[in-house]
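Colleague: Take this structure, written in structure tokens, and hold onto it; I'll ask about it next.
There are 2 protein chains.
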Amino acid sequence: MSTKTKILDAAEQLFAVRGFNGTSLREITSQAEVNLAAVNYHFGSKKELIKAVMSRFLDVLSPRLTLALVKLCEDETPPNLVEVFSSFVEPLLHLNEVKENGTSNFLQLLGRGYTDSQGFLRWFLTTTYPEVISSFVNAVQKAYPELTREEIFWRLHFTMGTVVFTMSSSDALIDIAVNDFDKQTDISDVIKRVIPYVAAGVGAPINKI
Amino acid sequence: MSTKTKILDAAEQLFAVRGFNGTSLREITSQAEVNLAAVNYHFGSKKELIKAVMSRFLDVLSPRLTLALVKLCEDETPPNLVEVFSSFVEPLLHLNEVKENGTSNFLQLLGRGYTDSQGFLRWFLTTTYPEVISSFVNAVQKAYPELTREEIFWRLHFTMGTVVFTMSSSDALIDIAVNDFDKQTDISDVIKRVIPYVAAGVGAPINKI
DNA sequence: CGCTATTTTAAACACATGTTTGAACCGAGT
DNA sequence: ACTCGGTTCAAACATGTGTTTAAAATAGCG
């Protein structure tokens, strides 16, 4: 296993748990069992390492997700919102097959990236993978044509918040749920629970203000 | 204005913008125009300062919020979910009268606290202000009795995510919205938009899994 | 093998962090 | 006027950070 991969694996796991700001290069290289300088040699800087960690996921997620959303919109009958959000399930869970804990790690990283480091990850996402967002907006517009673009903008961000925040603390939440309700629970259960919620949220009746 | 207050004011604003990890004591004391050592003299440590900043809000928010929720539940006719979430509006906006940008600062801090510093703020909240949470759960249960406790647990956390995440990046979102849609927008507009969303989410049809 | 380009390594760098120290300062109270 | 508790201050402390350096080790190839 190459030094580069060892670093990416260690960084991925530590970033997910402690956040970007909260993880030092020394922790990463020590867990990866490589020299401290290797990060700057192979990636140039910590910021570039963060991008590399995210890209490894996004490069496999983004095309699958775009494809699923586009395909859903090709049907003659317009999709409903539950179908739109269900399109996320397969691409997200596929990350688990590529890598142990892939889905959970990715979603946690997404959550971290939105609050850590004054939103530079948001910029990175929207500029590097814009086709995902636009195909998503298209699907929602087909499913609920009465929504104005402004209302869609807000509700999509609310949804982003629901998902990203839930997932960034999913480990803690799953622990609590398992203890309180004596029921085996994992990340795919959480995803299945969140879909009706966000679908109903995006599909909420329009309220003139 | 006392040194203690000057520190709290500066810390509050900086924490909201840059997060807890991302704000140094030197930035705080320099903006507050007090000596660096004053923080440790008056508060003991950075962690205690964070708690003090949050408590200043929670001590005025918590009783008002609990009262509003309890009063809503006293009616003979059970409340609906929009009413439950609307109970948050007055107590939250009241923070603006106590202090410039109070509402927005507090909600941003709440968002930071959930992702920064490995969730110690979550622990602090649930242990120090539990009556808010339980009165909230009660209100939801009255409004939608078919929901199991487990489903309520998850949907309340989804809601927490929606609100907290949205608010922690509300400045950026408001900027985008103002640019894209040419419409004056502020924090109270965002609150009004998010209520139908979370009410619909919590009220989503139950999906057996 | 011998040479070269790539990779790894230990050490240092420059700087930022939270915290502590001990002296200086100030404002009442007797 | 003097003392004493509380407060402020500049300075230092110890540690942690991302990054750089230059030498050592390694791998690939003619």
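Residue numbers (this note's numbering), protein chains in the order written: chain G, 1325 to 1533; chain E, 1325 to 1533.
For each residue, glycine too, the CB sits at the ideal point set by N, CA and C.
Suppose the cutoff is 7 Å on Cβ atoms and the five residues either side in sequence are ignored; what does the same chain contact list for Val1413 (chain E) look like?
Modeller: The residue labelled residue 1413 (chain E) in the question sits at position 89 within the second sequence. Taken in chain order, the residues that qualify are Ile1515.
Colleague: Judging by CA-CA distance, which residue of G:Ser1493, G:Ser1379, G:Val1363 is the nearest neighbour of Leu1449 (chain G)?
Modeller: To locate residue 1449 (chain G), count along the first sequence from 1; it is residue 125. The shortest Cα separation from Leu1449 (chain G) among G:Ser1493, G:Ser1379, G:Val1363 belongs to G:Ser1379.
Colleague: Tell me the start and end of each unbroken alpha helix (DSSP H) in the stretch 1461 to 1513 of chain E that is at least 4 residues and wholly inside, in chain order.
Modeller: As far as the stretch 1461 to 1513 of chain E is concerned, its whole alpha helix (DSSP H) runs of at least 4 residues are 1473 to 1492, 1494 to 1505.
Colleague: Are the CB atoms of Thr1509 (chain G) and Ile1519 (chain G) within a distance shorter than 8 Å?
Modeller: Here residue 1519 (chain G) refers to the residue found at position 195 of the first sequence. Here residue 1509 (chain G) refers to the residue found at position 185 of the first sequence. Going by C-beta atoms, Ile1519 (chain G) is not nearer than 8 Å to Thr1509 (chain G).
Colleague: Could you check if Ser1494 (chain G) is buried or exposed, using at least 16 other CB atoms within 10 Å of its CB as the buried criterion?
Modeller: Here residue 1494 (chain G) refers to the residue found at position 170 of the first sequence. Label assigned to Ser1494 (chain G): buried.
Colleague: What residue range does the alpha helix (DSSP H) around Met1537 (chain E) cover?
Modeller: Summary: the structure shown does not reach residue 1537 (chain E), with chain E confined to residues 1325 through 1533, and so no result is reported for it.
Colleague: Residues in the stretch 1336 to 1354 of chain G with C-beta within 9 Å of chain E's C-beta atoms, listed in sequence order?
Modeller: Correct list: Val1341, Arg1342, Gly1343, Asn1345, Gly1346.
Colleague: At a CB distance below 8 Å, what residues from the stretch 1485 to 1511 of chain E approach chain G? Give them in sequence order.
Modeller: If the cut-off is 8 Å between Cβ atoms, the stretch 1485 to 1511 of chain E has Gly1485, Thr1486, Val1487, Val1488, Phe1489, Thr1490, Ser1492, Ser1493, Ala1496, Leu1497, Ile1500, Ala1501, Asp1504, Phe1505, Lys1507 near chain G.
Colleague: Find the nearest neighbour of Thr1347 (chain G) within the set G:Tyr1365, G:Leu1338, G:Arg1473, G:Thr1427, judged by alpha-carbon distance.
Modeller: Looking up residue 1347 (chain G) in the first sequence gives position 23. When each option's Cα is compared against that of Thr1347 (chain G), the closest is G:Leu1338.
Colleague: Pick from G:Ser1411, G:Leu1471, G:Phe1381: whose alpha carbon is nearest that of Tyr1459 (chain G)?
Modeller: Taking the first residue of the first sequence as position 1, residue 1459 (chain G) is located at position 135. Before going further, note that residue 1459 (chain G) is Ser rather than Tyr in the sequence given. Ser1459 (chain G) has its Cα closest to that of G:Ser1411, out of G:Ser1411, G:Leu1471, G:Phe1381.
Colleague: What are the boundary residues of the alpha helix (DSSP H) that includes Phe1381 (chain E)?
Modeller: In the second sequence, the residue the question calls residue 1381 (chain E) occupies position 57. Where Phe1381 (chain E) is concerned, the enclosing alpha helix (DSSP H) stretches over 1370 to 1398.
Colleague: Determine the extent of the alpha helix (DSSP H) in which Gly1426 (chain E) is found, giving its start and end residues.
Modeller: Position 102 of the second sequence, counting from 1, holds the residue named residue 1426 (chain E). It spans 1426 to 1439 - the alpha helix (DSSP H) in which Gly1426 (chain E) sits, taken as one unbroken run.
Colleague: Is it true that the CB of Ala1334 (chain G) sits closer than 8 Å to the CB of Ala1362 (chain G)?
Modeller: Taking the first residue of the first sequence as 1, we reach residue 1362 (chain G) at position 38. Taking the first residue of the first sequence as 1, we reach residue 1334 (chain G) at position 10. No, the pair does not count as a contact, with Cβ atoms beyond the cut-off.
Colleague: Once you ignore the five residues that flank Thr1353 (chain G) on each side, which residues in its own chain have a CB closer than 8 Å to its CB?
Modeller: To locate residue 1353 (chain G), count along the first sequence from 1; it is residue 29. Excluding positions up to five away in sequence, the list reads Ile1331, Ala1334, Asn1359, Leu1360, Ala1362, Val1363.
Colleague: Between the C-alpha atoms of Pro1403 (chain G) and Glu1336 (chain G), what's the straight-line distance to the nearest angstrom?
Modeller: Counting from one through the first sequence, the residue named residue 1403 (chain G) turns up at place 79. Counting from one through the first sequence, the residue named residue 1336 (chain G) turns up at place 12. Cα to Cα, the separation comes out at about 35 Å.
Colleague: Using CA atoms only, rank isn't needed, just tell me which of G:Arg1350, G:Ala1340, G:Thr1486, G:Leu1419 is closest to Phe1409 (chain G).
Modeller: Translated into the one-based positions of the first sequence, residue 1409 (chain G) becomes position 85. Here the closest residue by C-alpha is G:Thr1486.
Colleague: Leu1382 (chain E) and Tyr1453 (chain E) look like a contact to me (Cβ under 8 Å); what is the Cβ gap, rounded to whole Å?
Modeller: As a working note, residue 1382 (chain E) is residue 58 in the second sequence. As a working note, residue 1453 (chain E) is residue 129 in the second sequence. Contact flag correct, Cβ pair sits at about 6 Å.
Colleague: Nearest-angstrom Cα distance between Glu1407 (chain G) and Phe1482 (chain G)?
Modeller: Residue numbering aside, residue 1407 (chain G) sits at position 83 when the first sequence is read from its first letter. Residue numbering aside, residue 1482 (chain G) sits at position 158 when the first sequence is read from its first letter. Cα to Cα, Glu1407 (chain G) sits roughly 18 Å from Phe1482 (chain G).
Colleague: In whole angstroms, give me the CA-to-CA distance for Ile1511 (chain E) and Leu1393 (chain E).
Modeller: Against the second sequence, residue 1511 (chain E) aligns to sequence position 187. Against the second sequence, residue 1393 (chain E) aligns to sequence position 69. Answer to the nearest angstrom: the Cα atoms are 22 Å apart.
Colleague: Interface residues of chain E around Val1461 (chain G) at Cβ under 9 Å?
Modeller: Locating residue 1461 (chain G) in the first sequence gives position 137, counting from the first residue. Neighbours of Val1461 (chain G) on chain E: none; closest Cβ ~12 Å, over 9 Å.
Colleague: Do you know offhand how far Gly1528 (chain E)'s Cα is from Leu1431 (chain E)'s?
Modeller: Here the question's residue 1528 (chain E) lines up with position 204 in the second sequence. Here the question's residue 1431 (chain E) lines up with position 107 in the second sequence. The sequence shown places Ala at residue 1528 (chain E), rather than the Gly named in the question. Computed Cα separation, rounded: 25 Å.
Colleague: Work out the CA separation of Arg1473 (chain E) and Lys1395 (chain E) for me, nearest whole Å.
Modeller: Position 71 of the second sequence, counted from the start, is the residue given in the question as residue 1395 (chain E). Position 149 of the second sequence, counted from the start, is the residue given in the question as residue 1473 (chain E). Their Cα atoms are separated by approximately 22 Å.
Colleague: Check distances from the C-beta atoms of the stretch 1450 to 1475 of chain E to those of chain G and list, in chain order, the residues that come in under 7 Å.
Modeller: Those residues of the stretch 1450 to 1475 of chain E that come within reach of chain G (Cβ to Cβ, closer than 7 Å) are Glu1474.
Colleague: Using the beta-carbon count (16 or more within 10 Å), is Asn1429 (chain E) buried or exposed?
Modeller: Here residue 1429 (chain E) is taken as the residue at index 105 of the second sequence, counted from 1. That one is buried.
Colleague: Is the beta carbon of Leu1419 (chain E) less than 8 Å from the beta carbon of Leu1385 (chain E)?
Modeller: Within the second sequence, the letter at position 95 stands for residue 1419 (chain E). Within the second sequence, the letter at position 61 stands for residue 1385 (chain E). Against a cut-off of 8 Å, the Cβ pair of Leu1385 (chain E) and Leu1419 (chain E) comes out as a contact.
Colleague: Give the straight-line distance between the Cα atoms of Ala1376 (chain G) and Gly1368 (chain G), rounded to the nearest whole angstrom.
Modeller: Reading the first sequence from its first residue, position 52 is the one you call residue 1376 (chain G). Reading the first sequence from its first residue, position 44 is the one you call residue 1368 (chain G). Roughly 11 Å separates the two Cα atoms.
Colleague: Any idea if Thr1490 (chain E) is buried or exposed, counting beta-carbon neighbours within 10 angstroms, 16 or more meaning buried?
Modeller: By 1-based counting over the second sequence, the position of residue 1490 (chain E) is 166. With 16 or more other Cβ atoms within 10 Å, it is buried.
Colleague: Straight-line CA distance for Arg1436 (chain E) to Glu1400 (chain G)?
Modeller: The sequence position of residue 1436 (chain E) within the second sequence is 112, counting from 1. The sequence position of residue 1400 (chain G) within the first sequence is 76, counting from 1. Cα-Cα distance, rounded: 44 Å.
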